[in-house]
Each structure stands twice: as structure tokens, then as C-alpha cells.
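In the numbering used here, the protein residues as written are 2 to 406. Where is the CB? At the ideal position from N, CA and C, for every residue including glycine. One structure is given here, and the rest of the page talks about it.
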Amino acid sequence: MNAVNLMDPALMQDPFGGFARIREEGPLVKGSLARGTDPVWLVTRYEDVKQVLGDTRFVNDPASVPGKEVGDIREQVIAARGIDPDLAPYILDSILDADGADHLRLRRLVSREFTARRVLDLRPRMAEITESLLDRLDHETDLIENFAYPLPITVICELVGVPEEDRPTWREQGKAMMTMAPGAMNAPLREIIELTRSLIGRRRAEPGGDLLSALIRTHDEDGDRLSDLELITMVLTLILAGHETTAHLIGNGTLALLTHPDQLDLVKKDPGLWPRAVHELMRWCGPVHGTRMRYAAEDVEIGGQTIKKGESVVAILVSANLDPRRFDDAERLDVTREQDSRREVHVGFGHGLHYCLGAALARTEAEIAFNALFRRFPGLALAGEPERQYMPMSWRLAKLPVRLS
Ligand code: HEM
């Protein structure tokens, strides 16, 4: 089989069918992520995906591979995406790119403050924001533009402590950064870096009860704390990783429920099912199709094949989540599927050390959003064709026209 082109429009249009075929080719299949970059191994089966993500012999930073020419890889990525060199650290040196002690340090410092308690405390505000957005919807509306996006961006900005007047810039520039055209991310990225730098200055002078003030203040037992570059990068990661993804979980999930009325009826009749339904929607139509690239720090065997030291791997989450080896009737949406709603079986939030830091926040938001939307508008219906937005490694809607009733 030729290397799978992850930018192939046919694959982006039909990831269920496309990845089912790739999954059956073998445990490891060669793929390419972007023109001008080296091919990667795609790992597509559930158990193999968990193994790769749970195995510390796979690292996220090429510098963690002994003897690897890191300069080349960094240069390739910078060139392929057209990133201005001075902006590269903000994009290429986040928590997602760190390994071992460096990763543990960042994860520990942020987890001290971004706690389950903080998410729980935010619940009433999430409900309030949700209701007020629903209050303002027109009878016919695009749910992506007017609900799925504004909810998570407002929630994450309140959590982090981004003032209201800065939020439209985050929304707009965040969106602009997602365009794949080489070089297109520089101007928006520069703008949000400056916005964050100025916010850090203000919060340092006048701390509040928000996460950013807490991250500025926080340090571990040895007095270690986040540098300014790390703080800016962390805020960028939290806000960018935190709102686009959640917006598309809400969008994809709403469409899935509208097109599976029997499943929607089940949760409407028993709202206690929502947590379980959100797990299932993450499995069936989660917005993130693949992880960041990993590198083998030594030769590692996966499914009987060897990934050689220095070679790269991408874990295809969508394929793992639809793997019939793990899930019965895997392609069927079944909101009653999980027997224990507290245990997450799917890998839509990743797995292992880099498991999504915001998973609890995203799940809570989605639960509140779906519950309120279908309670307030029990007759909610599609008012036109939903429009897909095709991007490699992601599953998203550009428009979801609905009629409220
Ligand atoms: C990591 C998905 C929401 C912050 C990840 C990973 C996935 C993921 C798959 C692991 C990537 C990898 O291993 O290469 C999602 C999905 C979301 C979501 C599907 C919504 C439905 C959020 C939210 C936040 C967030 C709301 C923050 C408020 C992060 C961070 C990491 C991460 C900081 C990196 C963790 C680390 O490297 O240790 N997310 N995410 N995510 N996510 Fe999320």
C-alpha cells in the first residue's frame, strides 16, 4: 500500500470508511501529514494506540531521541507551516512537546491550579452562560457560530481570566490560526501573544481569583515556577486547545443526536444518561482524529512490526475508537453503551502522560450544553444541510443550521 495521505479529501470526507480500510491493512501503515515532511507510521488499532500512548519509549520531543538530528525536524515543521522563527517556541515548545522530567514539571505546575475543584466551582457559571446564549438565539440560527463556539470560548476565558474586551480577538485570531496556508498563522499568533503578555503584566500587578493569577503565583516545593515564555505558551495552549475542540464536540454531538432521534429520546427521557452519552459522542464523533507526532527513542515492536529508533508515529484516535476488536457494533451510536459512566474507554482525549488536561472541563461543558439545548428546545430540528469543514486529523462542522421549537 502507498503511504496514506492524511490530507486526502476522500479520507477527510469519510473517515469511518477510510480508516476502517487502513486499520485492516496492518497494525502499522505509512502515512504523510503534509507536503515536504517525512512519512510517519500510523497506528490505528485500539490496543496498539493505547500501547503507543502509554509507552514512554515514544517521546514527543525529537530531542529526546538519542542521536536524532533535531534541527532538521524543527526546520521541516517551521518551513512546512511557514512559522516565523521567533514565534516557533510558542508553537513547538508547549506542554505537548515536552517529555520526561520537563513534561512532568509543566504538568505538575499547571495541575496544581487547574484542578477538578476549579471545574466543579465553574459549573453554575457554565449553566448561566449556556442559558443566556440560548436566550439570545434566533428562531433559525447557525448553532456553530451562535452557540457551539461562544460557550467554550466564554468558559475558558472566564476560567483563565481573560477580560471580556479581549475575547473577540481570541476568537477571531484563534480561528485565523487554524487555516492551514503556510505563513497564515504568524500575524494572528503574534497578536494573541502580545495580548497574553499584556494580560500577564496586569495580573501580576493586580492578581484575581482566576487561573492565570494562580499560575503566575504558583511554584512547587523547590520554588520552581513558570517563566514568562512558559506562562504565555500555557495560556495559548489552554485557550486554543480548550475552545475549538469543545466547540466541535458540541457541534458534532448535536448533529449526531439530531440524526439519531432514537438515541436522543433515550437521553431526553433519562437526563441521568448525559454523562454516558457524552462519553459515547466523544467515541463516535470526537473532534480530534489523531495525536501529535511521537518518536521512538529506541526500536519498539507494535503488533509484531518494528518501529525503528527515531521513526515517528501518529496515533489515529478516531480509528481506535471505531475498532471492532474493542467495541461491539463499533460504528453504531449507542448512548447506553458504557456500563460505568465514570470509566472512560474511548481514547478521544488521548491516553497516558499527555492525556487531555481539560477532559473534565470539556465533558462538563458538553453535558450542560446538550442538556440545556434539548430541554429548552425539545423540537430542535435541522433547518438546512450541515456544512463540514475539512481539516486533516479533525472532525468539525463549519455550519449547523437549526430551527428552534
Ligand atoms: C491534550 C483532545 C479539550 C487542554 C489533549 C490530547 C487530546 C485532546 C487528544 C492529547 C494529545 C496527544 O497526546 O498528542 C481534546 C478534546 C477536547 C479537549 C477532544 C474537547 C472535546 C480541552 C480543554 C482544554 C484542553 C477544554 C483546556 C482547558 C489540553 C492540554 C493538553 C491536551 C493542555 C496537553 C496535555 C499534556 O501534554 O500533558 N487534548 N481536548 N483540552 N488538552 Fe485537550
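Length of the line joining the Cα atoms of residue i and residue j
i	j	result
alanine 384	leucine 144	11 angstroms
leucine 43	proline 393	13 angstroms
isoleucine 154	glycine 243	8 angstroms
glutamate 339	phenylalanine 148	28 angstroms
lysine 31	aspartate 39	10 angstroms
aspartate 300	phenylalanine 350	26 angstroms
glutamine 14	alanine 80	27 angstroms
lysine 51	histidine 280	17 angstroms
aspartate 136	alanine 331	37 angstroms
alanine 215	arginine 376	36 angstroms
glycine 175	isoleucine 317	24 angstroms
alanine 11	valine 319	16 angstroms
aspartate 225	glutamate 114	15 angstroms
arginine 76	aspartate 62	Here residue 76 turns out to be glutamate, not arginine, going by the sequence shown. Distance between the alpha carbons of glutamate 76 and aspartate 62 is about 14 angstroms.
serine 65	tyrosine 91	19 angstroms
glutamate 146	leucine 401	8 angstroms
glycine 305	proline 28	8 angstroms
arginine 191	cysteine 357	25 angstroms
aspartate 9	serine 33	10 angstroms
aspartate 266	threonine 260	11 angstroms
aspartate 56	threonine 180	32 angstroms
histidine 413	valine 236	This structure does not reach residue 413, given that the chain is present from 2 up to 406, and the question cannot be answered.
alanine 298	aspartate 324	27 angstroms
aspartate 100	valine 60	6 angstroms
aspartate 229	valine 336	44 angstroms
proline 67	leucine 239	30 angstroms
arginine 119	valine 163	16 angstroms
glutamate 141	aspartate 49	44 angstroms
alanine 367	alanine 128	11 angstroms
phenylalanine 378	threonine 170	31 angstroms
glutamine 264	leucine 405	19 angstroms
leucine 334	alanine 117	29 angstroms
arginine 203	threonine 197	10 angstroms
isoleucine 217	aspartate 167	19 angstroms
glutamate 70	leucine 93	16 angstroms
lysine 270	glutamate 25	38 angstroms
histidine 347	arginine 397	19 angstroms
isoleucine 130	valine 5	42 angstroms
asparagine 3	arginine 36	15 angstroms
glycine 380	serine 133	19 angstroms
Continuous beta strand (DSSP E) stretch holding residue i: start and end
i	result
glycine 32	29-33
leucine 43	41-44
threonine 238	From DSSP, threonine 238 is part of no beta strand (DSSP E) but of the alpha helix (DSSP H) over 229-259.
glutamate 388	388-392
threonine 142	141-143
threonine 307	306-308
alanine 298	Alanine 298 -> no beta strand (DSSP E), and no H or E assigned at all.
Extent of the continuous alpha helix (DSSP H) to which residue i belongs
i	result
glutamate 129	117-136
serine 95	No alpha helix (DSSP H) contains serine 95, which DSSP labels as neither H nor E.
alanine 316	That residue, alanine 316, is in no alpha helix (DSSP H); its beta strand (DSSP E) goes 313-316.
valine 163	Segment: none, valine 163 is in no alpha helix (DSSP H) and carries neither H nor E.
arginine 106	101-112
tyrosine 150	Unbroken run through tyrosine 150: none, as it is neither H nor E.
phenylalanine 17	16-26
threonine 190	For clarity, residue 190 is leucine in the given sequence; the question names threonine instead. Segment 187-206, the alpha helix (DSSP H) holding leucine 190.
proline 262	262-270
leucine 54	47-55
methionine 178	168-178
leucine 216	212-218
alanine 182	From DSSP, alanine 182 is part of no alpha helix (DSSP H); its letter is neither H nor E.
valine 66	Taken as a continuous stretch (DSSP letters only), valine 66 belongs to no alpha helix (DSSP H), as it is neither H nor E.
glutamate 222	Per DSSP, glutamate 222 belongs to no alpha helix (DSSP H) and is neither H nor E.
arginine 284	275-286
Looking at C-beta atoms only, is the number of pairs between the region 247-265 and the region 387-405 that lie closer than 8 angstroms three or more?
Segments in contact, yes.
The region 293-311 in contact with the region 10-21 per 3-pair CB rule at 8 angstroms
Taking 8 angstroms as the limit for Cβ pairs, the verdict is that the region 10-21 does not touch the region 293-311.
In chain order, what are the residue ranges of uninterrupted alpha helix (DSSP H) at least 4 long that sit wholly in the region 333-404?
The qualifying runs are 360-377.
Touch check for the region 186-199 and the region 124-141: three-plus C-beta pairs under 8 angstroms?
Result no; under three Cβ-Cβ pairs closer than 8 angstroms.
Given 8 angstroms, three or more beta-carbon pairs between the region 99-107 and the region 360-375
With a cut-off of 8 angstroms, the region 360-375 and the region 99-107 do not count as touching, because too few Cβ pairs lie within range.
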